[in-house]
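One structure is given here, and the rest of the page talks about it.
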Amino acid sequence: MKKAFLGFLLLFLITPFLFAQENNAQQEIIELSKTKWQWMAEKDVDKLADLFDDKAVFVHMGGSWGKEREVDIIRSGGIWYKDADIHEVSVEIIDNTAILLNRITLIAEVGGNEVTNPFEVTEVYIKKAEGWKLGSLSFTKLMGPADR
58 MKKAFLGFLL LFLITPFLFA QENNAQQEII ELSKTKWQWM AEKDVDKLAD
108 LFDDKAVFVH MGGSWGKERE VDIIRSGGIW YKDADIHEVS VEIIDNTAIL
158 LNRITLIAEV GGNEVTNPFE VTEVYIKKAE GWKLGSLSFT KLMGPADR
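Right, dumping it as structure tokens:
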């Protein structure tokens, strides 16, 4: 009976700590994502290359590719992510993986033409020894306005 009581007491005491840790990780990912959008707007490929995992995949309306091509496209101005107006954001943490969903309106310059599109963007982050790394960035174009 004492063991059961102590186990219950320990669970009762540790549960708020576990929730606080998850909330802190969720907020950390939200801030990292916002910073990533800023780096993309500034074409800061050095910081982006450090954030992107070497095995990262990027899915766009025109295709999918890896880290090296994404960095090259940003560096060359093939895609210039001018502004991501974030309407909604959510984060789920599963073990050492964070899945962030952003509902955005993206203003970008693609091949010299400015375009505005509503997207649901999925970002997958993996917790590694050196910190969070972006493992996947995927754009899904929405049929209606992004701010619904």
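Residue numbers (our numbering): 58 to 205. Even for Gly, the Cβ is constructed at its ideal location relative to N, Cα and C.
Whole-Å CB distance - residue i paired with residue j, under 8 angstroms assumed
i	j	result
I86	W189	7 angstroms
N153	K184	4 angstroms
L219	Y182	Absent from the structure is residue 219, since the part of the chain shown begins at 58 and ends at 205.
E180	L194	6 angstroms
D136	A155	A small fix is needed here, since residue 136 is Ile in this sequence, not Asp. Not confirmed; about 24 angstroms, so no contact.
F176	L191	Rounded, the Cβ-Cβ distance is 16 angstroms, inconsistent with contact.
Chain-order list of residues whose beta-carbon lies under 7 angstroms from that of residue i (same chain, five-residue window excluded)
i	result
Q83	V148, I150
N174	L163, K198
Alpha-carbon spacing of residue i relative to residue j, whole angstroms
i	j	result
H144	A98	17 angstroms
K104	K93	9 angstroms
S90	A113	15 angstroms
Residues that DSSP places opposite residue i in a beta bridge
i	result
V116	S121, S195
Spatial neighbours of residue i in its chain, beta-carbon cut-off 6 angstroms, leaving aside the 5 residues before and after
i	result
V102	V128, I131, R132
Query raised in the report: Counting only runs that start and end within the stretch 119-198, where is the beta strand (DSSP E) found for 3 or more residues in a row?
Result: 120-123, 136-151, 154-167, 170-185, 188-198
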